[in-house]
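Engineer: Line by line, the protein sequences give chains A and B. Per the working numbering, the very first residue in the first sequence carries number 323; after that it's consecutive. Per the working numbering, the very first residue in the second sequence carries number 323; after that it's consecutive.
2 protein chains.
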Amino acid sequence: MTPAQPTRDRLLDAAERLFAEHGFDGASMRTITADAGANLAAVNYHFGSKSALIHEVFGRRLAPMNVARLQLLDAVLEETAQRGEDRPTPRAVLRAFLAPALSLGRQEGREFFVLIARAHSSPHPELQAHIVNQFAEVAVRFGAALQLALPSAAREDLFWSMHFTVGALCHTVVNTQLLTLMSEGLCTDVDEDAVLERLVAFVAAGMEGGLDS
Amino acid sequence: MTPAQPTRDRLLDAAERLFAEHGFDGASMRTITADAGANLAAVNYHFGSKSALIHEVFGRRLAPMNVARLQLLDAVLEETAQRGEDRPTPRAVLRAFLAPALSLGRQEGREFFVLIARAHSSPHPELQAHIVNQFAEVAVRFGAALQLALPSAAREDLFWSMHFTVGALCHTVVNTQLLTLMSEGLCTDVDEDAVLERLVAFVAAGMEGGLDS
DNA sequence: AATTCATTCAAACGATTGTTTGATACGATC
DNA sequence: GATCGTATCAAACAATCGTTTGAATGAATT
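Below you can see the structure in the form of structure tokens.
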């Protein structure tokens, strides 16, 4: 019997899930290939090495997510112009940045976003460099949009605010179960739209209010 | 020659530094013991296992940091009462929570805080449980203090806000070099007091402003 | 001086790691 | 129908992992 999906894709899926669950070092080639129903040598054949596999796992999801971010940002800017307003609201810009990330966590690539947040604090420097490259354009575009939304803010302030925002985002995606634990079940991430709005409200207020102080 | 510090402490120092740099799996017993100038078997003799060593590395720093947090919180509440005010400001409470963490990152345990932030997204479940236990009292005390500072806020909102705050904090401590990279040197963490005030301003505004929306 | 105890040491343990090899099977191309 | 390139396979590779062992060390106690 021939599986519906080619081996290469099954390897990526298995790797994504197992990396998210056990970390990059915790998931071995044997568990990955076994989970994918492939031979042990399959990863080295299709990707060359485990390191290259990790890069491919990221490349497969990162590009679409950042494309979605830029599209949403374009939509926000366009709608702003149609209304005759000269600048977008910080909330709209931030929502365009945050929504694709949380949305990606909702659908097929749910495990992936745990993974990307984990990579942010990963000890693999090459992985960090890879992520920085993938985010370069997004950082520039959203930096400019935020500068437009908050004209009185210093560029330095905006960078810091975005940094805090990314931190809150990553921590939310990865460790909401920890919050559920600490809040004794009061806070959960079942309603992801509500989580998004909470996050948007928080960072938008932080950005607007944290400047003049 | 007898080293100034006993082997046990040298092992903890080396482990703390190497765990922060290479991760828990990336730092091996051999590199740790070699860095500490001890025999390979030293860790198993003094701590029993690598896992127990990790727990000890955390226990050594976590307790003092959380004690400092609670002391600062007591000081804030006391000063508030002396002024005749019935509630503290959110900023003061948040500063009491954030300052010991950033301060710990400044002095001797600088590597440690990279480590604790990394542990937050670690794939080792026993480590997460350990951290949750250590933070239980701090969470309760600061939860109550924030409820006092923001009486109109729902308990659920406060939990989420604290969650975002911890995320921004961890990401700041661990990945400020990433921010420096993206901002092309504009943002650095050389002035840690300034970083603290930025962070306090951001999360305080997020907490106050993010609620009524 | 003899003994006890904590510590350090070199050496090896079995297990697991990522990777490589050479053979085998399958389909398309000539 | 022979040939070529892709893909999968079992098997072994060298390296490293955390841990254990048993002897050697040295200071403190009896």
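Think of the CB as a built atom: it goes at the ideal place given N, C-alpha and C, for glycine as much as any other residue.
State buried or exposed for B/E530, treating a residue as buried only when at least 16 other CB atoms are found within 10 Å of its CB.
Structural biologist: Mapped onto the second sequence, residue 530 of chain B falls at position 208. With 16 or more Cβ atoms within 10 Å of its Cβ, B/E530 is classed as buried.
Engineer: Go to B/V398, then tell me how far its alpha helix (DSSP H) extends in each direction, as first and last residue.
Structural biologist: Within the second sequence, the letter at position 76 stands for residue 398 of chain B. Counting along the chain, the unbroken alpha helix (DSSP H) around B/V398 starts and ends at 372-404.
Engineer: By the 10 Å Cβ neighbour count, where 16 or more other Cβ atoms means buried, how is B/A360 classified, buried or exposed?
Structural biologist: For this step, residue 360 of chain B is matched to residue 38 along the second sequence. Classification of B/A360: buried, given that the 10 Å Cβ count is 16 or more.
Engineer: Provide the residue span of the alpha helix (DSSP H) that contains A/E343, from first to last.
Structural biologist: On the first sequence, residue 343 of chain A is found 21 positions in, with the first residue counted as 1. Start and end: 329-348.
Engineer: Residue range of the alpha helix (DSSP H) that A/S483 falls in?
Structural biologist: Position 161 of the first sequence, counted from the start, is the residue given in the question as residue 483 of chain A. A/S483 -> alpha helix (DSSP H) spans 477-504.
Engineer: For a cutoff of 9 Å on Cβ pairs, would you count A/M351 as touching chain B?
Structural biologist: Against the first sequence, residue 351 of chain A aligns to sequence position 29. Using beta-carbon distances, A/M351 does not count as an interface residue toward chain B, since no partner is under 9 Å.
Engineer: Suppose the cutoff is 6 Å on Cβ atoms and the five residues either side in sequence are ignored; what does the same chain contact list for B/T487 look like?
Structural biologist: In the second sequence, counting from the first residue as 1, residue 487 of chain B sits at position 165. Hits under 6 Å: V525.
Engineer: When you compare the CB of A/A526 with every CB in chain B, is at least one pair closer than 9 Å?
Structural biologist: On the first sequence, residue 526 of chain A is found 204 positions in, with the first residue counted as 1. Judged by the 9 Å Cβ criterion, A/A526 is in contact with chain B.
Engineer: Pairing CB atoms from the stretch 384-400 of chain B with CB atoms from the stretch 416-427 of chain B, are three or more of them under 8 Å?
Structural biologist: yes
Engineer: If you run the structure through DSSP and keep just helix, strand and coil, what is B/S425?
Structural biologist: The sequence position of residue 425 of chain B within the second sequence is 103, counting from 1. In the structure shown, B/S425 sits in a helix (DSSP, three-state: H, G or I).
Engineer: Below 6 Å CB to CB, which residues in the same chain sit around A/H368 once its five sequence neighbours on both sides are set aside?
Structural biologist: For the purposes of this step, residue 368 of chain A is taken as residue 46 along the first sequence, with counting starting at 1. Excluding positions up to five away in sequence, the list reads R330.
Engineer: Which residues in the same chain have their Cβ closer than 7 Å to the Cβ of A/A336, if we skip the five residues on either side of it in sequence?
Structural biologist: Here residue 336 of chain A refers to the residue found at position 14 when the first sequence is read from its first residue. The residues are I354, D357, A358.
Engineer: Between A/Q456 and chain B, is any beta-carbon pair separated by less than 9 Å?
Structural biologist: Stepping through the first sequence from its first residue, residue 456 of chain A is reached at position 134. Taking Cβ atoms only, chain B never reaches closer than 9 Å to A/Q456, which makes this a no.
Engineer: Can you give the beta carbon distance from B/A439 to B/C492, rounded, assuming they're within the 8 Å contact cut?
Structural biologist: Residue mapping note: residue 439 of chain B aligns to position 117 of the second sequence, counting from 1. Residue mapping note: residue 492 of chain B aligns to position 170 of the second sequence, counting from 1. About 4 Å separates the two Cβ atoms, so the contact holds.
Engineer: In whole angstroms, give me the CA-to-CA distance for A/E343 and A/E433.
Structural biologist: The residue given as residue 343 of chain A occupies position 21 in the first sequence. The residue given as residue 433 of chain A occupies position 111 in the first sequence. If you take the alpha carbons of A/E343 and A/E433, they lie about 8 Å apart.
Engineer: Give me the Cα-Cα distance between B/R383 and B/A471, rounded to the nearest whole angstrom.
Structural biologist: Position 61 of the second sequence, counted from the first residue, corresponds to residue 383 of chain B. Position 149 of the second sequence, counted from the first residue, corresponds to residue 471 of chain B. Approximately 29 Å, taken between the alpha carbons.
Engineer: How is the alpha helix (DSSP H) around A/P473 delimited, first residue to last?
Structural biologist: If you number the first sequence from 1, residue 473 of chain A lands on position 151. It is not in any alpha helix (DSSP H) - A/P473 carries neither H nor E in the DSSP assignment.
Engineer: My output table needs one value for B/V512: the three-state DSSP class, helix, strand or coil.
Structural biologist: Residue mapping note: residue 512 of chain B aligns to position 190 of the second sequence, counting from 1. The answer is coil: DSSP assigns B/V512 none of H, G, I, E or B.
Engineer: I'd like to know if B/D347 contacts chain A, where contact means its C-beta is closer than 9 Å to some C-beta of that chain.
Structural biologist: Residue numbering aside, residue 347 of chain B sits at position 25 when the second sequence is read from its first letter. By this cut-off, B/D347 is an interface position.
Engineer: Could you check the C-alpha separation between B/R352 and A/S483 for me, to the nearest Å?
Structural biologist: Mapped onto the second sequence, residue 352 of chain B falls at position 30. Mapped onto the first sequence, residue 483 of chain A falls at position 161. Taking the straight line joining both Cα atoms gives about 41 Å.
Engineer: Determine, for A/D479, whether the minimum Cβ-Cβ distance to residues of chain B falls below 9 Å.
Structural biologist: By one-based count along the first sequence, residue 479 of chain A stands at place 157. Closer than 9 Å: yes.
Engineer: Whose Cβ in chain A lies nearer than 8 Å to the Cβ of B/G307?
Structural biologist: Given that chain B is displayed from residue 323 to residue 535, the structure contains no residue 307 of chain B and the question cannot be resolved.
Engineer: On the three-state DSSP scale, how would you describe A/S535?
Structural biologist: Stepping through the first sequence from its first residue, residue 535 of chain A is reached at position 213. Any reading at A/S535 must be qualified, since the residue scores a pLDDT of 45, below 50, and its modelled position is unreliable; the value itself is stated next. Coil.
Engineer: Which one of B/I376, B/R405, B/L424, B/S371 has the shortest CA to CA distance from B/D515?
Structural biologist: Working through the second sequence from its first residue, we reach residue 515 of chain B at position 193. Ranking B/I376, B/R405, B/L424, B/S371 by Cα distance to B/D515 puts B/L424 first.
Engineer: Hey, A/A475 and A/L399 are a contact pair by Cβ (cut 8 Å); roughly how many whole angstroms apart?
Structural biologist: Position 153 of the first sequence holds residue 475 of chain A. Position 77 of the first sequence holds residue 399 of chain A. Actually they do not touch by this definition, with Cβ atoms about 18 Å apart.
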